[in-house]
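In the UniProt record's numbering, the protein residues as written are 1 to 255. Notes follow once the structure below has been shown.
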């Protein structure tokens with residue numbers, strides 16, 4: 001009999017693999033997709049032949065994972081703009097959002113001097129939503145670059161929803177004017193990709209610090225049940241986020 005705990009173990013490991021892929025929107029067509037699912041299935045359910053339904057469930061797990069971290073991001077931004085005494089007016093909220101969006105300041109722990117890339121509380125809370133899903137995985141597939149890039153794009157999306165100072169999806173549209181209030185491939189796959197250059201420069205030490213700083217937010221996340229242009233080949237500022245040199249105060253944190 002296939003137990004629910006066994007299925008859960010397969011999903012946890014599979015999502016852990018997904019998070020390391022640069023394009024999580026296209027992971028179902030990744031050349032290793034079926035091999036990874038089959039390998040994990042055989043580890044836990046070798047007595048049961050794999051079938052197409054298993055691959056469908058794996059694809060659904062990716063959608064559920066993406067939905068979870070997306071909901072976390074929207075809630076994080078909502079809490080930030082509504083629970084601060086300094087942001088009691090619509091005008092103050094709109095200004096705060098615009099400042100966060102400027103040069104992707106929202107990713108930085110210290111947005112005044114743009115240091116601590118990918119360690120802002122907004123980023124850590126979203127990253128924690130991923131860790132909450134995969135923290136029981138005993139397989140390391142590599143650093144979750146895809147997760148961190150998705151977290152950046154999700155932050156951008158959520159902040160745009162509040163750019164007027166109140167929650168609205170009017171600021172996020174597909175080409176042709178259709179509302180883009182869902183985290184779907186168009187336009188967000190391209191924006192996720194734009195964040196990858198900086199993320200791929202992160203050292204092992206910086207990854208360790210991001211992981212360690214995200215852990216305290218895991219319990220909180222457990223409670224959270226297209227561009228309008230034809231294309232621009234110029235360098236995207238999302239990929240220009242500066243990574244400071246590793247130093248003693250940024251050494252890897254022991255678990």
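Ideal Cβ positions, reconstructed from N, Cα and C, are used throughout, including at glycine. Quantities reported herein were computed from a predicted structural model and do not represent experimental measurements.
Under the three-state DSSP convention, the category residue i falls into
i: residue 319; result: Within the shown structure, residues of the chain are numbered from 1 to 255, placing residue 319 beyond reach of any answer.
i: residue 117; result: strand
i: residue 64; result: helix
i: residue 139; result: coil
i: residue 199; result: helix
i: residue 232; result: Summary for residue 232: the model assigns pLDDT 36, below 50, so the residue's position carries little reliability; its value from the coordinates is reported in the next sentence. Three-state result, residue 232: coil.
i: residue 164; result: coil
i: residue 52; result: helix
i: residue 91; result: helix
Between the CA atoms of residue j and residue i - distance to the nearest angstrom
i: residue 149; j: residue 110; result: 19 Å
i: residue 67; j: residue 183; result: 8 Å
i: residue 17; j: residue 26; result: 13 Å
i: residue 186; j: residue 156; result: 14 Å
i: residue 264; j: residue 69; result: Residue 264 is absent from the model: the chain starts at 1 and stops at 255.
i: residue 29; j: residue 209; result: 32 Å
i: residue 8; j: residue 46; result: 16 Å
i: residue 228; j: residue 194; result: Because the pLDDT at residue 228 is just 32, under 50, the model does not fix this residue reliably, and the value given afterwards should be weighed accordingly. Each residue's Cα considered, the two are about 16 Å apart.
i: residue 238; j: residue 49; result: Legend: pLDDT at residue 238 = 49, less than 50; position of this residue unreliable, value from coordinates given subsequently. Straight-line Cα distance between these residues: approximately 44 Å.
i: residue 131; j: residue 204; result: 17 Å
i: residue 140; j: residue 214; result: 18 Å
C-beta contact flag for residue i and residue j at 8 Å
i: residue 39; j: residue 196; result: no
i: residue 312; j: residue 118; result: Residue 312 is absent from the structure shown; the chain starts at 1 and stops at 255.
i: residue 19; j: residue 216; result: no
message = Does the stretch 161-169 come into contact with the stretch 117-127, if we say contact requires no fewer than three beta-carbon pairs (one atom in each stretch) closer than 8 Å?
response = Inter-segment contact for the stretch 161-169 and the stretch 117-127 is absent: fewer than three beta-carbon pairs are separated by less than 8 Å.
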